[in-house]
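Here is the structure we will look at.
Residue numbers (our numbering), protein chains in the order written: chain D, 10 to 169; chain B, 714 to 1473; chain E, 26 to 313.
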């Protein structure tokens, strides 16, 4: 079987891997690049646990072919913290106890980051609808929403 | 170390670290994607395993031809039922012992496929793609049998029988001895139904139905197993109970317990569904044949098709009440659809349904009924939600008919300390009244409602387990400590354990490192489940920390050359007797001298805890209904619960909110749908509809604390009761909003519209 | 699963030629239907042809005549376009409802149309806005009104080797506005149990002069409902007209029972949605 050679950028660093044509980006990230922070919860785009940014846009990596990453920028949960410093979202998730088992947390943080990158002052409803594609079974979403709203407020203060 | 706990006379009330909200120690790894879950693990040389599943809901397996699969390049091992002997061992699986014959049969069928998706073979190959291709080459010959797909069909005379040998456990005296699909029966009774109903002014009788629903953990089952040439087995898996995995695999595979080491990964949700085994023995058997480590991960479709949902139910209930609101009698007949193997719901449903109320006369009869559907597994307070939903609905109806406030009606009938539970023992201090009072005085209860909105209230109960736990606390030379237990951390128990050690040793929480040990690193521990970790394992942690304190005092005594009994401990330091003119020695100072005063200090404890104090909860739900489409939205929700003592309030709130969300999903949209052949129609998160963020409002919480005297801090289990009240709360809100009393869940838009149309 | 190839051609003719060379080739844009079907074992392509690097397949061109929407444009891009949202609020609403935010980052209206599900959210919005499909093939381009594109569940007029390149929507006349509503049990993430799209043009007196009504998930393809349109034409879109339009929609619907809803339920609710969508479209048109 012949494999494709894909050169791409992941979390700001050049990366490359070999993959089969029908392999999805999630598998390539986890199994080829060792970036296991993105999770498979369903493989059909219904749970958000595999969320990554592709050229800055929030996508379900289980429904992106690995080959499509060629010449594109991929951001995963591993790239959200800058150097050793947690992103405000990560810090707020911890403070608000917005995670229990934590399996959905990487997807939520990537998705919330995509929201706040676009809309620095979302309403509770806007946050809930933006994150409707991220399933959580442990928290009932309450503390997650509070953490995201608090992060937005914190980021607005930093810019002000 | 004492094996049985001696309860303190009065739980402690003043705390420095317990009751605070520290950042959980595993948090940073989880928010950065570093935490390792079941599928995040590899071993050198690892190959990949997949299973072959029955396409028929009920069939005899005539033959399995694996030759073509075995010949495929890259394939290293193929197994079928022939590779795993059937057995009848009993192994403790946590909340009740598991009959290993059923567990083993469920992992890999012998002779009969009992549900669509039942595993009949497994194959391991160098790559996942090869394994999947090989699986398609395995040829299975079936003789299709008629499937049984609902309770009525299963109990009807002449029904197709799933297990020829099965007879009803607990069947009534004089019941005929012939094949049946009723696996078990439980009965509880008190007084005289005849007298009780005769004394009633008002009698309501209804039939309720709920469907099978899944725990819905976001992380599918996953494991890596390595069978070494010397017969040692290593298993990495996502589980609520590494010791249960060890015991069950040993029993299923006929291996010595002591040859198996299980390491629990971080767990991506369980809710009871990961207290059993599915892939693990298969991975071990494949590894044994392949002489290579084998990784197996379920797809979401497999999780929904073939892992244990909670039973569906049919309840016929009749209750009698005097016009002053006091209950006089109750008759409850339940049938729980348990899938292809006997479940335990007959017992817990019988125990829970009337647990919250004083009823002088009752007769409860509950059955586990088999159908050709996946084997049920525990789901958060197993049995209680569907058992209490009918009772909470009827109480709401009584309240309407009598013109009484539904909370007042419950207060009138609520159980108190000293009342006998339906299953026998007297309740100790319990907080049902307190939670009802908190609900009544909560602003939610008196807030105005808008048009098309209705408000429902309902209660819940769960006994909470005790079971066995072990803990080790070690001290480091810099005065920090590590605590190891055997319980995978689902809800934040590591943080709570760190707080307990901090409390007992008076060191900051950040200086305590909590972790989950594998089956070789810590003594036997029962599952993370039964709402028992904070209670029972917490007790072991506290005792282990006390052990450390005793040893520290002994070291100080040695340094001061006094009797150990003369040394006292307070405020984080050992204090000399008053007669001695010496300054106290702090934990840090003593720890620094450990090596010179006798060696490392390790505190340990193991115990068999009594049942944790029962927990009660009350939920208030406001529902807004679109009467033209039947679509409804939860617009406000409040959960109130007695936690005894909340060690980490944020994580107690988290349990309350998470359980409420699951219960709301169960009440409104979640259900297993099967076609006429017994194939699940909605085996994906698209059509198995769990609540999403936009479906829910903020979930307000109130933690009531009625201390549980069997725990040093007064802790009660908190993890399970949250899922019990929502079914009643949502259904009662629907009744108030629409004027229609729905007795069947889920309250999907279609069902609601049909109900509204029927009402006219 | 057989060994497959992946290609990302940069011209339409390359794409068409690749498809002609491989019988089990599949075009894709966002892949949100294709990859789900592959995972489910329904499809097993030998060649994945990625359309997203072809100029014109991804992009929005808006001029005096109207909109030319690249068929592979992610829904999220459409929804972020302020001018498109203003001119066709209902169509954008429909596009925005296709799946989650993550799906929106990938899934395209073109793909939604080509998947040809009877419940596809974008189709009603395209029909009532008189969209035209620009189809590219070996013999060049051809135009097909979107109403004629889907022919049955999962079936459409694309011939082997053809692909949908763009959708054209004519600029709406003054006092014209559209709306789209769908019925789902949750607030998000579900496939439409029922869908209704409406576009209305009102004259200066508020009388409806043009009405287009399309209903989805109640027949093998989305349906125009001429009787509902007739009920609204010439009216001030008052309660009585709305009620007649609703009844006409219920009568025209030919739904089936399936795991997402019963025929009876769909028939009833489609009328409710047509009434509500018509009211919204009228209100929007009045304020233009």
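By construction, the Cβ of each residue, glycine as well, lies at the ideal position given by its N, Cα and C atoms.
Here the structure is a predicted model, which means the values were calculated and not measured.
- request: Give the secondary structure of residue 7 of chain E by DSSP, where H, G and I count as helix, E and B as strand, and everything else as coil.
  value: Given that chain E is displayed from residue 26 to residue 313, the structure contains no residue 7 of chain E and the question cannot be resolved.
query: By how many angstroms is the C-alpha of residue 1130 of chain B removed from the C-alpha of residue 305 of chain E?
result: Position 280 of the third chain, counted from the first residue, corresponds to residue 305 of chain E. Position 417 of the second chain, counted from the first residue, corresponds to residue 1130 of chain B. When rounded, the distance between both Cα atoms is 59 Å.
field: Inside the segment 1096-1133 of chain B only - alpha helix (DSSP H) runs reaching at least 4 residues
entry: 1097-1115 and 1119-1126
message: With DSSP as the reference, identify every bridge partner of residue 936 of chain B, one or two as the case may be.
response: As a working mapping, residue 936 of chain B is identified with position 223 in the second chain. DSSP output for residue 936 of chain B lists B:950 and B:1009 as bridge partner(s).
message: Once DSSP output is grouped into helix, strand and coil, what is the label at residue 31 of chain E?
response: As a first step, residue 31 of chain E is located in the third chain; it is residue number 6 there, counting from the start. Residue 31 of chain E: strand per DSSP, three-state reduction.
- prompt: Mapping DSSP to helix, strand and coil, what is residue 90 of chain D?
  reply: Within the first chain, numbered from 1, the residue matching residue 90 of chain D stands at position 81. Coil, per DSSP.
query: Is the CB-CB distance between residue 1173 of chain B and residue 1428 of chain B below 9 Å?
result: Within the second chain, the letter at position 460 stands for residue 1173 of chain B. Within the second chain, the letter at position 715 stands for residue 1428 of chain B. It is not a contact, given that the beta carbons lie outside the stated cut-off.
task: Please determine if the segment 1259-1276 of chain B and the segment 1439-1458 of chain B are in contact, where contact requires at least 3 C-beta pairs separated by less than 8 Å.
output: no
- request: Look up residue 1335 of chain B in the DSSP assignment and give the residues it is bridged to.
  value: Stepping through the second chain from its first residue, residue 1335 of chain B is reached at position 622. B:1168 and B:1349, per the DSSP bridge assignment.
- request: Give me the Cα-Cα distance between residue 808 of chain B and residue 1178 of chain B, rounded to the nearest whole angstrom.
  value: Locating residue 808 of chain B in the second chain gives position 95, where the first residue counts as 1. Locating residue 1178 of chain B in the second chain gives position 465, where the first residue counts as 1. Because the pLDDT at residue 808 of chain B is just 48, under 50, the model does not fix this residue reliably, and the point stays unresolved.
message: Does residue 1017 of chain B pass the burial test, meaning 16 or more other C-beta atoms within 10 Å, or should it be called exposed?
response: The residue given as residue 1017 of chain B occupies position 304 in the second chain. Residue 1017 of chain B should be labelled buried.
query: Starting from residue 1413 of chain B and walking both ways along the beta strand (DSSP E), at which residues does that stretch end?
result: In the second chain, the residue the question calls residue 1413 of chain B occupies position 700. Per DSSP, residue 1413 of chain B belongs to the beta strand (DSSP E) from 1412-1417.
- request: Using a cut-off of 8 Å between C-beta atoms, extract the partners of residue 152 of chain D located in chain B.
  value: Against the first chain, residue 152 of chain D aligns to sequence position 143. Neighbours of residue 152 of chain D on chain B, chain order: 1363, 1366, 1367 and 1370.
- prompt: In chain order, what residues of the segment 42-69 of chain E put their CB closer than 7 Å to some CB of chain D?
  reply: 56, 57, 60, 61, 63 and 64
- request: Sort D:63, D:164 and D:104 by Cα distance to residue 128 of chain D and report the nearest one.
  value: Position 119 of the first chain holds residue 128 of chain D. Per the Cα distances, D:164.
task: Kindly indicate if chain B contains any beta-carbon less than 9 Å away from that of residue 212 of chain E.
output: For the purposes of this step, residue 212 of chain E is identified with residue 187 of the third chain, where counting begins at 1. By this cut-off, residue 212 of chain E is an interface position.
message: Can you find the residues in the same chain that come closer than 6 Å, C-beta to C-beta, to residue 68 of chain D, ignoring five residues on each side of it along the sequence?
response: Here the question's residue 68 of chain D lines up with position 59 in the first chain. Taken in chain order, the list of residues that qualify is empty.
- prompt: Quick one: Cα of residue 1371 of chain B to Cα of residue 49 of chain E, how far?
  reply: Against the second chain, residue 1371 of chain B aligns to sequence position 658. Against the third chain, residue 49 of chain E aligns to sequence position 24. Taking the straight line joining both Cα atoms gives about 46 Å.
task: Kindly list the residues whose CB is nearer than 7 Å to the CB of residue 99 of chain D, restricted to its own chain and excluding five residues on each side of it in sequence; keep chain order.
output: Along the first chain, one-based indexing puts residue 99 of chain D at 90. The residues are 89, 90 and 118.
field: Contacts around residue 1315 of chain B, its chain only, beta-carbon distance under 7 Å, and the 5 residues preceding and following it disregarded
entry: Reading the second chain from its first residue, position 602 is the one you call residue 1315 of chain B. 1185 and 1187.
query: To the nearest whole angstrom, what separates the beta carbons of residue 1434 of chain B and residue 1279 of chain B, a pair I think is in contact under 8 Å?
result: Position 721 of the second chain, counted from the first residue, corresponds to residue 1434 of chain B. Position 566 of the second chain, counted from the first residue, corresponds to residue 1279 of chain B. Incorrect: roughly 46 Å between the Cβ atoms, too far for contact.
query: Identify the residues that DSSP records as bridge partners of residue 1047 of chain B: which are they?
result: Start at 1 with the first residue of the second chain, and residue 1047 of chain B comes out as number 334. DSSP output for residue 1047 of chain B lists B:1028 and B:1079 as bridge partner(s).
message: Rounded to the nearest angstrom, what separates residue 1066 of chain B and residue 1059 of chain B at their Cα positions?
response: As a working mapping, residue 1066 of chain B is identified with position 353 in the second chain. As a working mapping, residue 1059 of chain B is identified with position 346 in the second chain. C-alpha separation (whole angstroms): 11 Å.
task: Measure the CB-CB distance between residue 1352 of chain B and residue 1421 of chain B and report whether it falls below 9 Å.
output: Numbered from 1 along the second chain, position 639 holds the residue referred to as residue 1352 of chain B. Numbered from 1 along the second chain, position 708 holds the residue referred to as residue 1421 of chain B. No, Cβ-Cβ distance for residue 1352 of chain B and residue 1421 of chain B is not below 9 Å.
- request: Have a look at residue 1318 of chain B and residue 856 of chain B and give me their C-alpha separation to the nearest angstrom.
  value: On the second chain, residue 1318 of chain B is found 605 positions in, with the first residue counted as 1. On the second chain, residue 856 of chain B is found 143 positions in, with the first residue counted as 1. Distance between the alpha carbons of residue 1318 of chain B and residue 856 of chain B is about 55 Å.
query: Where does residue 221 of chain E sit, in a helix, a strand or coil, going by DSSP?
result: Walking along the third chain from the start, residue 221 of chain E turns up at place 196. Three-state result, residue 221 of chain E: strand.
field: CB contact flag (residue 787 of chain B, residue 847 of chain B, <9 Å)
entry: One-based indexing of the second chain puts residue 787 of chain B at position 74. One-based indexing of the second chain puts residue 847 of chain B at position 134. Contact: yes.
query: Could you give the residue range of the beta strand (DSSP E) that holds residue 902 of chain B?
result: The count along the second chain starts at 1 and reaches residue 902 of chain B at position 189. Residues 895-903.
- request: Could you please give me the residues that DSSP links to residue 166 of chain E through a beta bridge?
  value: Counted from its first residue, the third chain places residue 166 of chain E at position 141. In DSSP, residue 166 of chain E forms a bridge with E:161.
message: Tell me which residue opens and which closes the beta strand (DSSP E) that residue 74 of chain E is part of.
response: If you number the third chain from 1, residue 74 of chain E lands on position 49. Run containing residue 74 of chain E: 72-75, per the beta strand (DSSP E) assignment.
message: Tell me the rounded alpha-carbon separation between residue 37 of chain D and residue 1418 of chain B.
response: Counting from one through the first chain, the residue named residue 37 of chain D turns up at place 28. Counting from one through the second chain, the residue named residue 1418 of chain B turns up at place 705. Their Cα atoms are separated by approximately 49 Å.
query: Are there three or more Cβ pairs, one per stretch, closer than 8 Å when the segment 252-261 of chain E is compared with the segment 227-236 of chain E?
result: yes
message: Using CA atoms only, rank isn't needed, just tell me which of E:247, E:101 and E:159 is closest to residue 180 of chain E.
response: As a working mapping, residue 180 of chain E is identified with position 155 in the third chain. Nearest option by C-alpha distance: E:247.
query: So is the beta-carbon of residue 101 of chain E under 8 Å away from any non-hydrogen atom of the ligand PLP?
result: By its list of ligands, the structure shown contains no ligand whatsoever, and the ligand PLP lies outside what it can speak to.
- request: Give the single residue among B:1087, B:1359, B:1362 and B:977 whose Cα lies nearest to the Cα of residue 815 of chain B.
  value: As a working mapping, residue 815 of chain B is identified with position 102 in the second chain. The residue with the shortest Cα to Cα distance from residue 815 of chain B is B:1087.
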